[in-house]
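Data block below; observations after.
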Amino acid sequence: MIISHKYKFIFLKTRKTAGTSVEISLSRFCGENDIITPILPQDEVTRNQLGVFPKNYLYNRPLELKEYQLPDFRQLLFKFKQPQLTTKFYNHISAQDVKKAIGKKIWDKYFKFCFVRNPWDRAISWYYWNMADQGKIKSLDETLRYDDPYPNWDVYTIDNQVAVDYVGKYENLMEDLCYVCNKLEIPFDQWLPKTKGKIRKDKRHYSEILTSEQADFIRKKDRKEIELFDYKF
């Protein structure tokens, strides 16, 4: 998640929509007072190589500086996995929590955006990411029903109403991101790192992977998003 005072935007990070790639790329243009939240340690290494680190996301700034000046990757991983009671902003924070934290004045003034993805395609992406992250082989049914409890809907809505100014689509990622950057006058060079592209082994279309029962389950679970953005199976 990024709040840029320099360019006056708020990027809300939804899950499995190339959000980490977008965040790493946009982080390069952020100012000293902008808010950049931590990402997974292995992805943080990619961002650190660009000379960019998480910042201004804790209530305790000295602790934040100490936490992300760790040369040992294992220490960084340990830090990431610990609950941080001093955290003010975090990776997939909801629109409601951001608005509460920064106040109505900034929330109303800044350009707010996020990305969405076809829920059936996102489900398959989540399945392979979840297996890689947990190190356990689970069935697709188990993953769909028990391991994906966090719909993206709550990230960019407040009281079931879309709370951002622009919702781009993963399916048109570069085009939509360029639109945002042009609007905000960010000198975006169309560079996006591939952070999790090798995790998904099965490259078949989701319609060839999901059963009719699984497709119906996703249709019901993500009904609001499917209807709003006119996604088709």
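Going by our numbering, the sequence shown opens with residue 4, and the numbers climb by one from there.
All C-beta atoms, glycine included, are put in the ideal place defined by N, C-alpha and C.
On a predicted model such as this, the values are computed, not experimentally measured, just so you know.
Evaluate residue i with the Cβ neighbour count: other Cβ atoms within 10 Å of its Cβ, from every protein chain shown; 16 or more gives buried, anything less gives exposed.
i, result
"residue 149", "exposed"
"residue 121", "buried"
"residue 58", "buried"
"residue 23", "buried"
"residue 125", "buried"
"residue 214", "exposed"
"residue 180", "buried"
"residue 205", "exposed"
"residue 47", "buried"
Output needed for residue i: all residues of its chain with C-beta closer than 7 Å, excluding positions within five of it in sequence on either side, in chain order.
i, result
"residue 128", "19, 203"
"residue 104", "91, 92"
"residue 194", "28"
"residue 160", "98, 166"
"residue 225", "122, 154"
Tell me, to the nearest whole angstrom, how far the beta carbon of residue i is from that of residue j; I am working on the premise that it is less than 8 Å.
i, j, result
"residue 217", "residue 147", "6 Å"
"residue 14", "residue 5", "4 Å"
"residue 119", "residue 173", "7 Å"
"residue 158", "residue 98", "7 Å"
Check each candidate in the options and name the one with the smallest Cα separation from residue i.
i, options, result
"residue 60", "48, 209, 92", "92"
"residue 49", "25, 36, 38", "25"
"residue 228", "165, 35, 101", "165"
"residue 236", "107, 210, 42", "210"
"residue 37", "190, 54, 7, 31", "7"
"residue 95", "230, 109, 155, 56", "155"
"residue 198", "205, 234, 43", "43"
"residue 186", "32, 53, 114", "114"
"residue 109", "191, 196, 9", "9"
"residue 234", "123, 141, 162", "123"
"residue 177", "224, 192, 39", "192"
"residue 33", "188, 130, 162, 131", "188"
"residue 131", "162, 223, 207", "207"
Ignore the nearest five residues each way along the sequence and tell me which others in residue i's own chain have a CB closer than 8 Å to its CB.
i, result
"residue 112", "11"
"residue 116", "12, 13, 14, 15, 167, 168, 169, 170, 171, 183"
"residue 144", "217"
"residue 31", "53, 55"
"residue 220", "147, 148"
"residue 17", "95, 117, 118, 119, 120, 155, 158, 159"
"residue 212", "127, 143, 205"
"residue 232", "119, 170, 172"
Beta-carbon within less than 6 Å of residue i's beta-carbon, same chain only, minus the 5 sequence neighbours each way: which residues are those?
i, result
"residue 106", "none"
"residue 175", "none"
"residue 196", "24, 27, 49"
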